[in-house]
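As structure tokens, the structure follows; a few thoughts come after it.
Residue numbers (the UniProt record's numbering): 1 to 69.
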């Protein structure tokens, strides 16, 4: 089974709670297997079983209270 890795940049995160919120919301997207968030850079790497729709990630990030760059 192949996986897809997609990178995003999230703006507005300032603490560990921010990272947890973004990770939790993105993890709820169907097919997401792993979410790795780097607080210092705002980089978010998402590994999924199928390619992700950017809009689904955008909605999840906005639900957490942040925005994609």
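Here a beta-carbon is modelled for each residue, glycine too, at the ideal position from N, C-alpha and C.
With 16 other CB atoms within 10 Å as the buried threshold, where does residue i fall?
i: residue 24; result: exposed
i: residue 21; result: buried
i: residue 60; result: buried
i: residue 67; result: exposed
i: residue 64; result: buried
Return yes when the C-beta of residue i is under 7 Å from any heavy atom of the ligand MG, and no when it is not.
i: residue 41; result: Among the components modelled here there is no ligand, and therefore nothing to report on the ligand MG.
Quick check: the Cα distance between residue i and residue j, rounded to an integer number of angstroms?
i: residue 71; j: residue 12; result: The chain is shown only over 1 to 69; residue 71 falls outside these bounds and no answer can be derived.
i: residue 6; j: residue 49; result: 11 Å
i: residue 35; j: residue 45; result: 6 Å
Between the options, which has its C-alpha nearest residue i's C-alpha?
i: residue 37; options: 28, 19, 30 and 31; result: 19
i: residue 58; options: 2, 15, 26 and 14; result: 26
i: residue 3; options: 31, 22 and 21; result: 31
i: residue 39; options: 15, 69, 5 and 7; result: 15
i: residue 33; options: 8, 69, 52 and 41; result: 52
Between residue i and residue j, how many whole angstroms is the CB-CB distance? I'm expecting something under 8 Å.
i: residue 69; j: residue 10; result: 7 Å
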